[in-house]
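Respectively, the protein sequence lines represent chains U and R.
The C-terminal position of the first sequence is numbered 631 in the numbering used here, with every residue numbered one higher than the one before it.
The C-terminal position of the second sequence is numbered 1156 in the numbering used here, with every residue numbered one higher than the one before it.
Glycine residues also receive a C-beta, built at the ideal position from the N, C-alpha and C atoms.
Just so we're clear, the structure is a prediction, and the values are computed from it rather than from any experiment.
Read through the structure below, which is laid out as structure tokens, and then see the notes.
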Amino acid sequence: MWFANVWDELDFWMMSAIILMPLVFALGLIFIPSRRTEFIRWWTLIGTLVTFVLTTFLFIDFLRLTDEQLTNKDRTAQLLPARTDVQLSSYRRAEPVSSRDLIARKAWIGRFHIDYSLGVDGLSMAMLLMSSSIFVLAFLASWKNTKAVRGYCILFLILETGVLGLFLALDFFLFYVFFEAMLVPMYFLIGYWGGPRKEYAAIKFFLYTLLGSILILVAMLALYFVDLRPYYNDLVAKAEGKERFSAEAHRRDAFLGLAGDRYDAGKFTGPVNTFDIIVLSEAAMASAQLNSNIDRLEEQLRDRSEDQGLRDQLVDAEQKKLHWQAMSPQFQLFCFILLFLGFAIKVPIIPLHTWLPDAHVEAPTPISMILAAILLKTGAYGILRIAIPICPWAANQLAWMMGLLGIIAIVYAALVALAQTNLKRLIAYSSISHMGYVLLGIAVWATPESAQYWSWGMKGAVFQMIAHAFTSAGMFYLAGVLYDRIGHYDLNRMGGLTTPMPTWAGLTMVIFFGAMGLPLLCGFIGEFCVLLGTWNFRPDIWPAAGQTFTMIAAGTLVITAAYILWTLQRMLLGHRKDGLALDDLDGREGFIAGVFAVMTVVLGVWPMLVFDWLDPTLTGLVQLLAQVTAR
Amino acid sequence: MPSNVIQLDFLNSRMLGDLLVFAPEAILIFTIALLLFLRLFPALDRWHLGFVALVANLVALLVSSGQWLSFPFGSASPARDLFSGMIVFDGLSAFSRMLILGASSLTILLTILTKVPDREDSADFYVLLLGGTLGMCLMASAQHFLMVYLAIEMASVPSYVLAGFLKGKRQSSEAALKYVVYGGGASGMLLYGISLLCGPLGTGYLPDVCLSLHTLMQSGGLDAFYWMCIGFILLGLAFKLSLVPMHFWCPDVFEGAAAEVGAFLSIASKGAALALMGRIILLLMGGVPGLSVTNAPAWTHIAPSLSIAVAVIAGVTCTWGNLAAYPQTNLKRFWAYSTIAHAGYLLMPLATLTRDGLAAALLYLVPYLFMNLGVFAIVCFVRNATHREDLAALTGLLKRAPIQAVALAIFIVGLVGLPPFAGFLAKYEVFACLVQQAQLQDRPVLWVLLGIGVVNTVIALGYYGKLLKIALLDAANEPSPLPIPFRQNLYVIALAVFIVVGIFFWDLLTTMGTQFAVGGFQPGP
């Protein structure tokens, strides 16, 4: 029976349902007559709500998985690589695949070994929850849109499918498909429903992001054509003599499982290529470790040049390295730069940021919310999920540069924000500045001994991603609400808005202070953790980088406070400059803004709500990556 | 029995078998004769003969698909010489024939929908169209230089007339004249190259020519004379593929000719020329029975220069087409430059000089067929409704003809090559082939070519985006809906659906494409 099959692969269907649900609702919209706008709105709202509910189910499942494996005292078992290994080796050994491991795959395009492969860990879970909830709120925010409602809703839902698929994909190719699938709906959403310069903003956004994703495509192809046979030989050697259920044996069999029947009995008929993010990153880690191993041995030999054992080890390692040319440091560097540039355009990172202010300002309010809250995060997510794990050696070498770019973004964007008179533009630049903290937190690479500092930076970065999603979407929403009433974003023509709109003013203060990083509100936690991690960042090339960065970033908090406070002052205080009669928030608006404000407070007061289940994933990731610098 | 009778019997039996394989072309020939015969009866002038041509084309397509299904892929030597080696039936010709017949069928359907040849002219029009199709099918399977030349002429001459088919229009006549003059020059060059090459070698049979060239290479390399011959032949073919520097006819002819003819030329003609070019390049590189590719001297002697030459032409064509499309205001010229750019993409994988490259180019053609036909169909439908062919005619199409506008968006996004549309499949195959071969063969020029392809994707988005903006984002000057009949909407919907769901058939297509390109050629690098 087919439903028995569904039960066996519940996680597969669950995750697929999350991706497909918005798409199914979008397809349904095609058959609803466009004049029935009210019905279309409710239909779309239900679509986003159902998706959100499904995501929370997945979240419950994920918490169960976390608990289960924490009680087993096996902390690494819940990390993605371990779960992938077990699942793939189960395929290989023709054992039943667990339906509770939240990893699922089906073969898709055999010639290029592309799988429809999905999986969840703390990082993607956080992004999924955040996006599916923001989509509900953003759709509520677009309730009053009357222009081509059906088309708007269809594109909106397709965009949601792209975003959720991106956060669930574990296959690089699949990831790329979803990454690009977001482009076209976004182009039309900005270009058709946007403000006065919408076409310009839309095509600028489209061109910039297309350039970025083409760079990613090139790196993806180059990585795919890397022959992973030496990696497999490594695995075989490591698994020798280990018992059947050891991690090493699992990993070896996983590799074979991925390869299918082509590599029977270790007889290879051709190069071994894959798009699997996990396997690629494991192979890259192996290569990177080999490199640092050689460095270590050479260093030791300098002191004890007579030690024959060491010399043999070095010769052995260098022999191995010869076979590893495919994932060589130069190659990693090449791929990392392409991937980083591609994702950096999305984040965005100065000087690739110029599409962002235009797109944010011209986009309609709900789309600005999605842009700021979610699309920027896809760039950071790509760096975390793909660029760094797949090119760890290069990422380690260039960590100081990533940190520097983060600092530049923090300072420069804050200064530019200070000069803005357009409220939306100001929020856009504050977004760039806040995303700088994310990059900085990711970049503060550390050795295994001091990995906990880096893990603080990493956790801070991801927390900042979540916090910024709610504050920036909230700020854009409040700006949009104001625009509906006064018809412009010019800060110089505002003033005294507290009197006519007290609720709006109150919520604005909470959310803007949250963005500013006031303690007990969500922005503070992320920035604090990032700075905590940054202090101990000591790249070889520039040992004082960490302290310098921390001081600059902390100093910039003053600028941030300046532009936020000045903005609040210009909006809320002083005298009214126009005689318009303004209404306060109505129920729907109050609900949306209220949710943002509540999230700002809750995340700020009780950050462990997120850290509790985020921690194992990120700590595991950091411990894994820190091995690159192991001496 | 005397031996000559046995030989005759043998020939007879072979002939019959050959004719069976030749059935799709034979059906076309028969239909051409039938159409000309029907022309004799004035009473039939009131009939639109498009359906006759369409049915004949579809039958031919069906037969060639049947032949593909019964094709022994993977066996040792599935290639089959027909008519004492004049043409060959192998994976490549089977695939290209299906593609050409498919494009031709869809074009005929389009002409029936747009009524471009009126009833009176329909017999003439479809005779020419089928004649061109026949020539293109032969181009895809020619295996003798004589046949190469004949097939190209057979495809070209009807195209010249088709270009000038709108008799009342001065531009159309001008287009036809330009096409004839340029085409005559190009085919002269081709013929010159062929006669220079076949004279000294004493044969025109392609595998033999290549074997002789290889013998020459082994004894010290080709001298400038042979390079010149190969150059002339490839330039003659470049004309059909509208590659820079032989592209200049394309915009003028497309502007003057009816858009339906443009659609036909931009797909079927290019497919045939690409197959022929691929075949010649692969044979040059050693894909000949009796020659083992691994030690083919071509890889040391001509591969480096040939690879660079093809890469330069591909890169320049792509960039030129994309840049020249920017200032265009006429829709047909706009799409003409777009097809030039895509010819560059089609040629890119051939710069790897491998079967994988040819397979990638053939796969590129499949989504390209639907996307390009789609945009030309929209030009036709909008022309019928507004009698205009400039870019501004599309202003506010979303309000005036929403289905056409959405389909246009899908085709354009497909042409840019964005997932999840089928255009991505095409672009991915090309780029993947370039990356793979760049790593395998260690040829930096392929990396450069990849870079050019990447940059061009972004450049192309610029002018495609302009059209998207005009058609979908701009407000209409006259808000009245365009009088586009439902069946015309259905046509673009059908094409667009393929582009949308094409990615799910990727595995099937890519396996098929590889088989096609592999079948009949020696296993090689």
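| query | result |
| --- | --- |
| Cα-Cα separation, ASP839 of chain R to SER701 of chain R | 28 Å |
| Proximal residues, the segment 85-96 of chain U versus chain R, C-beta separation under 9 Å | none |
| The segment 135-145 of chain U / the segment 89-101 of chain U touching (three or more Cβ pairs under 8 Å) | no |
| Contacting residues, own chain, Cβ-Cβ under 6 Å from GLY1144 of chain R (five flanking each side not counted) | ALA990, LEU993, LEU994 |
| Chain-order list of residues whose beta-carbon lies under 6 Å from that of VAL50 of chain U (same chain, five-residue window excluded) | MET21 |
| Whole-angstrom distance between ILE367 of chain U and TRP7 of chain U, CA atom to CA atom | 37 Å |
| Reduced DSSP category for VAL97 of chain U - H, G, I as helix; E, B as strand; rest coil | coil |
| Distance CB(ALA1107 of chain R)-CB(ARG1031 of chain R) smaller than 8 Å | yes |
| Residue closest to MET327 of chain U, alpha-carbon to alpha-carbon, out of U:ALA363, U:ALA394, U:GLY309, U:ASP303 | U:ALA394 |
| Reference LEU808 of chain R, options R:ILE825, R:SER787, R:MET820, closest by Cα | R:SER787 |
| C-beta neighbour in chain R for TYR231 of chain U, strict 8 Å | no |
| Contact under 8 Å by Cβ, LEU118 of chain U with LEU80 of chain U | no |
| Short CB-CB distance (under 8 Å) between ALA181 of chain U and chain R | yes |
| Coil, strand or helix - GLU523 of chain U by DSSP | The question names Glu, but residue 523 of chain U in the sequence shown is Gly. Helix, per DSSP. |
| Within chain U, the residues that GLN1067 of chain R reaches when beta carbons sit closer than 7 Å | PHE225 |
| The ligand SAH heavy atom lying under 7 Å from the CB of ASP1105 of chain R | Inclusion of the ligand SAH in the displayed structure is not the case, the ligand content being empty and no account of it being possible. |
| Contacts around GLY191 of chain U, its chain only, beta-carbon distance under 6 Å, and the 5 residues preceding and following it disregarded | LYS198, GLU199, ALA202 |
| Which of helix, strand or coil DSSP assigns to GLN1068 of chain R | helix |
| Beta-carbon neighbours of LYS901 of chain R, restricted to chain B and to distances below 9 Å | In the structure shown, chain B cannot be found, because the protein chains are U and R. |
| Local conformation of ASP721 of chain R per DSSP, three classes | coil |
| The segment 681-694 of chain R in contact with the segment 950-962 of chain R per 3-pair CB rule at 8 Å | no |
| Cβ-Cβ distance between VAL1061 of chain R and TYR968 of chain R below 8 Å | no |
| Nonlocal neighbours in the same chain, by C-beta distance under 6 Å from LEU189 of chain U, ignoring five residues either side | LEU155, ILE367 |
| Residue from U:MET125, U:TYR152, U:ALA254 whose Cα sits closest to the Cα of ALA94 of chain U | U:ALA254 |
| Exposure label - SER706 of chain R; buried when at least 16 CB within 10 Å | Legend: pLDDT at SER706 of chain R = 48, less than 50; position of this residue unreliable, value from coordinates given subsequently. Under this definition SER706 of chain R is an exposed residue. |
| DSSP beta-bridge partners of ASN422 of chain U | U:ASP490 |
| Chain U residues whose Cβ lies nearer than 9 Å to that of ALA1016 of chain R | In chain order: nothing, as chain U lies at least about 22 Å away. |
| Positions along the segment 208-222 of chain U whose CB lies within less than 8 Å of some CB in chain R | LEU210, LEU211, ILE214, LEU215, LEU217, VAL218, LEU221, ALA222 |
| Residues within the segment 1066-1085 of chain R neighbouring chain U, beta-carbon criterion of under 7 Å | VAL1066, GLN1067, GLN1070, LEU1081, VAL1085 |
| ALA894 of chain R to TYR813 of chain R span [Cα, whole Å] | 20 Å |
| Of the listed residues U:CYS153, U:SER124, U:GLY604, nearest to ARG36 of chain U (C-alpha basis) | U:CYS153 |
| Proximity test, Cβ basis, 8 Å: VAL1123 of chain R and chain U | no |
| Residue from R:LEU761, R:LEU1113, R:CYS860, R:TRP1137 whose Cα sits closest to the Cα of PRO655 of chain R | R:LEU761 |
| Spatial neighbours of TRP1137 of chain R in its chain, beta-carbon cut-off 6 Å, leaving aside the 5 residues before and after | LEU1056 |
| Residue range of the unbroken beta strand (DSSP E) whose run includes GLY119 of chain U | 114-119 |
| Which of helix, strand or coil DSSP assigns to ILE845 of chain R | For clarity, residue 845 of chain R is His in the given sequence; the question names Ile instead. It is helical. |
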